[in-house]
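S.K.: Before I ask anything, let me first share the structure, which is written out below as structure tokens.
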Amino acid sequence: APAIGAVAAIAVALALAPAVAGEGRRRSKREVFAKALEEPFAGYCAHPPEAQRSSISGPVSEDELKPLGLEFEGAQVIFRHGARDMTSDHQCFYPMEDNFSGCDINSLVAYAYADGRRARGPLVKEVLDAYPSGEPRGKPGCGRGVLLNEAEPQTRAFAREFRAAYFHRFRGGAPTPNSTRLASTDKMRTMATLFMLQDFLFGGGAAGAVSEPGKVFTRPLSSDHWDLNQPCPRAAGDRHSRAYTNSEAARIVFPDFVARWARAAGTEFEPAFKDCLLVAKCSGQQQLKLPEELQPDSPFFNETLHVALRLFQDRYTTDPHGMRLLAAPSLLELADFAKQQAAGAGPKLALWATHDTTIMVLLIALGLWDGQWPPYMDSITVEVYRRSGPKAAGFFRLLHAGRVMMPYWCPSEATLGHGLCAVEHFLPENIAVYSDPDELAADCASVPAAFLREEGPSG
């Protein structure tokens, strides 16, 4: 656990931090975060199809691109998985019993031998009862961190909206399974969401037949930078910002709230308890019942989410350098594929299945986080545009949940309006420097972050 002095420092920063001056077109951090706190965890449940319809907007119009001599070339979509159950054993309140059912989305597994021969398969992974009869709880259940059945209509709606907004705009025709790159963290909920998304995008041969078995790229989970697990001692504490289980900062900054929470819930408040409230609300309390004082959208429920998000906002922005180190490998990977697409050489479409915390870290590292927690099926889209001929050039545009994000680091001579920037400036300089692996390794080996933090599951 963190030292009390370190936690107190966080609390003091929470209470007293002045507004951070905006750079040019950007609002101050205080203004942006205050807006998020007006409706903390807004849209988190992402019930289909309305949420997905409002989160995808499509590329720059052809009428606006024509004077610029540009065509829409490719896209990368970094997305969070669909609705899930609890990822940890938090005892958020007493009594508390969560035993989720309705998690019937199964996984496929397939392997190849060292010499390249493919094993017979794939196999359907049948997940056994998470709580066998020998357990005191006795009842069958889903286990921790698995997709609930609502993830299927969420993913289907996302695929439908993405197809409608983007597929007819790709230069040379819509992407096919063979021109699409799939990647995911090696967790059931991300793999399953990716599988469903590509199936809904390309199912039924609507966008071309698959000429070879489908392939999904992943890494060993314990060292996967898309799960924030890459070796980097300097950022070790920042990696576990997601597991904010220490209650000291809340007691210092929000003492009255903490006392009322204890009376209502019978526990000492931890910011990570927000997961209990959100999972219960999103699943209609069918398997996790909230106390009477914490019913969804009640004043105390909303106040709890406000306090939790306010604490997480500070937790995630205390060490910007550590966040850049965590995000750098993934952002460099995105930059590489954007440059390939701009040259007409990369996959038309790349899909990256990951987690809410990873999306937050990417946005924070770029200085583009709005202080709001990413909902289910949240997404960052990288659009790539290409100009052919003697003045060939490539440009990118970033969108978060369908909203254009202005790359403030892009030099004025490299911008074209509409949020477009030359691909050579895909990353701000303080991240682009890590394209040299030695620079990244040296910074990761430097003095660790001041705050040591507890481990915890990604969302």
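Note that this note's numbering gives residue 40 to position 50 of the sequence shown, counting from 1, and the numbers run on in steps of one.
All C-beta atoms in this analysis are idealised placements derived from N, C-alpha and C, irrespective of residue type, glycine included.
1) Do residue 188 and residue 172 come within 8 Å of each other at the CB atom, strictly closer than that value?
2) Can you check which of these residues, 318, 343, 263, is closest to residue 208 by C-alpha distance?
3) Which same chain residues, not among the five before or five after residue 338, have their C-beta less than 6 Å away from its C-beta?
4) If you draw a straight line from the C-alpha of residue 318 to the C-alpha of residue 254, how long is it?
5) Identify every residue that forms a DSSP beta bridge with residue 390.
6) When DSSP labels each residue in this structure, what does residue 51 get in the three-state scheme?
7) Check whether the stretch 315 to 330 and the stretch 216 to 225 touch, using three or more Cβ-Cβ pairs below 8 Å as the test.
8) Bridge partners of residue 206, per DSSP?
9) Please state if the CB of residue 35 and the CB of residue 365 are separated by a distance shorter than 8 Å.
10) Within a Cβ cutoff of 7 Å, which residues of the same chain sit near residue 423, ignoring the five residues on either side of it in sequence?
11) On the three-state DSSP scale, how would you describe residue 283?
12) Comparing alpha-carbon positions, which option in 382, 307, 311 lies nearest residue 362?
13) Assign residue 453 to one of three DSSP states: helix, strand, or coil.
14) Expressed to the nearest angstrom, what Euclidean distance is found between the alpha-carbon atoms of residue 217 and residue 299?
15) Could you say which of 296, 436, 145 lies nearest to residue 30 if we only look at CA atoms?
16) Suppose you measure from the CA of residue 200 to the CA of residue 382; what does that come to, to the nearest Å?
17) Does DSSP put residue 227 in a helix, in a strand, or in coil?
18) Quick check: the Cα distance between residue 21 and residue 27, rounded to an integer number of angstroms?
19) Per DSSP, what kind of secondary structure is residue 306 in: helix, strand or coil?
20) Run the CB neighbour count on residue 84, radius 10 Å, all protein chains shown included, and call it buried at 16 or more, exposed below.
21) For residue 359, which three-state DSSP category applies?
22) Looking only at C-alpha atoms, which of 270, 60, 80 sits nearest to residue 257?
23) State the start and end residues of the unbroken alpha helix (DSSP H) segment that holds residue 70.
24) Out of curiosity, what's the CA-to-CA distance linking residue 369 and residue 380?
25) Hey, residue 373 and residue 49: beta-carbon distance below 8 Å or not?
26) What does the Cβ neighbour count give for residue 301, buried or exposed, with the cut at 16 atoms within 10 Å?
27) Could you give the residue range of the beta strand (DSSP E) that holds residue 342?
28) Using 8 Å as the threshold, is the stretch 139 to 157 in touch with the stretch 68 to 80, meaning 3 or more CB pairs across them?
29) Output yes or no for whether 8 Å exceeds the beta carbon distance between residue 394 and residue 409.
30) Measure the alpha-carbon distance for residue 11 versus residue 19 and round it to whole angstroms.
31) Buried or exposed: where does residue 275 fall if 16 or more other Cβ atoms within 10 Å of its Cβ makes it buried?
32) Drop a sphere of 10 angstroms on the beta-carbon of residue 32, count the other beta-carbons inside from all chains shown, and report buried for 16 or more, exposed for fewer.
33) Just checking my contact of residue 182 with residue 95 at CB under 8 Å: how many whole Å lie between their CB atoms?
M.R.: Taking the geometry as given:
1) In the sequence shown, counting from the first residue as 1, residue 172 sits at position 182. In the sequence shown, counting from the first residue as 1, residue 188 sits at position 198. Cβ distance < 8 Å, so residue 172 and residue 188 count as in contact.
2) Walking along the sequence shown from the start, residue 208 turns up at place 218. Looking at the Cα atoms, 343 is the closest of the given residues.
3) If you number the sequence shown from 1, residue 338 lands on position 348. Take residue 338, set aside five residues on each side of it, and the residues of its chain with a beta-carbon closer than 6 Å to its own are 64, 160, 165, 169, in chain order.
4) Position 328 of the sequence shown, counted from the start, is the residue given in the question as residue 318. Position 264 of the sequence shown, counted from the start, is the residue given in the question as residue 254. About 42 Å.
5) Locating residue 390 in the sequence shown gives position 400, counting from the first residue. Beta-bridge pairing links residue 390 to 370, 393.
6) Taking the first residue of the sequence shown as 1, we reach residue 51 at position 61. Assignment of residue 51 by DSSP, reduced to helix, strand and coil, places it in the coil class.
7) Note that the stretch 315 to 330 touches the stretch 216 to 225; at least 3 beta-carbon pairs, one per stretch, sit closer than 8 Å.
8) Against the sequence shown, residue 206 aligns to sequence position 216. Within the DSSP secondary-structure output, residue 206 pairs in a beta bridge with 172.
9) The sequence position of residue 365 within the sequence shown is 375, counting from 1. The sequence position of residue 35 within the sequence shown is 45, counting from 1. A distance below 8 Å separates the beta carbons of residue 365 and residue 35.
10) Taking the sequence shown and counting its residues from 1, one reaches residue 423 at position 433. Excluding sequence neighbours, residue 423 sits near 429.
11) Locating residue 283 in the sequence shown gives position 293, where the first residue counts as 1. Residue 283: helix per DSSP, three-state reduction.
12) In the sequence shown, residue 362 corresponds to position 372, counting from 1. Checking every option, the nearest Cα to that of residue 362 belongs to 307.
13) Any answer about residue 453 is impossible in this case: the structure gives the chain only from -9 up to 449.
14) Sequence index remark: in the sequence shown, residue 217 carries index 227 (1-based). Sequence index remark: in the sequence shown, residue 299 carries index 309 (1-based). Taking the Cα positions, residue 217 is about 21 Å away from residue 299.
15) Counting from 1 along the sequence shown, the entry for residue 30 is found at position 40. Out of 296, 436, 145, 296 has the C-alpha closest to the C-alpha of residue 30.
16) Mapped onto the sequence shown, residue 200 falls at position 210. Mapped onto the sequence shown, residue 382 falls at position 392. Note on residue 200: pLDDT 47, under 50, position unreliable in the model; the coordinate value appears next. Spanning the alpha carbons of residue 200 and residue 382 requires a straight line of approximately 32 Å.
17) In the sequence shown, residue 227 corresponds to position 237, counting from 1. DSSP places residue 227 in helix when its eight states are reduced to three.
18) Counting from one through the sequence shown, the residue named residue 21 turns up at place 31. Counting from one through the sequence shown, the residue named residue 27 turns up at place 37. Straight-line Cα distance between these residues: approximately 10 Å.
19) Walking along the sequence shown from the start, residue 306 turns up at place 316. Three-state DSSP puts residue 306 in a helix.
20) As a first step, residue 84 is located in the sequence shown; it is residue number 94 there, counting from the start. It counts as exposed.
21) Against the sequence shown, residue 359 aligns to sequence position 369. For residue 359, the three-state secondary structure derived from DSSP is coil.
22) Taking the sequence shown and counting its residues from 1, the one referred to as residue 257 is at position 267. By alpha-carbon distance to residue 257, the top candidate from 270, 60, 80 is 80.
23) Start at 1 with the first residue of the sequence shown, and residue 70 comes out as number 80. Note, residue 70: premise wrong, no alpha helix (DSSP H); beta strand (DSSP E) at 61 to 70.
24) Within the sequence shown, numbered from 1, the residue matching residue 369 stands at position 379. Within the sequence shown, numbered from 1, the residue matching residue 380 stands at position 390. Their backbone Cα atoms lie some 35 Å apart in a straight line.
25) In the sequence shown, the residue the question calls residue 373 occupies position 383. In the sequence shown, the residue the question calls residue 49 occupies position 59. Going by C-beta atoms, residue 373 is nearer than 8 Å to residue 49.
26) As a working note, residue 301 is residue 311 in the sequence shown. Under this definition residue 301 is a buried residue.
27) The residue you call residue 342 lines up with position 352 of the sequence shown. Element bounds for residue 342: 339 to 344.
28) Yes, the stretch 139 to 157 touches the stretch 68 to 80.
29) Against the sequence shown, residue 394 aligns to sequence position 404. Against the sequence shown, residue 409 aligns to sequence position 419. Remark: C-beta atoms of residue 394 and residue 409 approach each other more closely than 8 Å.
30) On the sequence shown, position 21 is the one that residue 11 refers to. On the sequence shown, position 29 is the one that residue 19 refers to. With a pLDDT of only 31 at residue 11, under 50, the local geometry of the prediction cannot be trusted, and no value is derived from it.
31) Locating residue 275 in the sequence shown gives position 285, counting from the first residue. Here residue 275 is exposed. Its C-beta has fewer than 16 other C-beta atoms within 10 Å.
32) Taking the first residue of the sequence shown as 1, we reach residue 32 at position 42. Exposed is the call here.
33) Mapped onto the sequence shown, residue 182 falls at position 192. Mapped onto the sequence shown, residue 95 falls at position 105. Right, their Cβ atoms sit about 5 Å apart.
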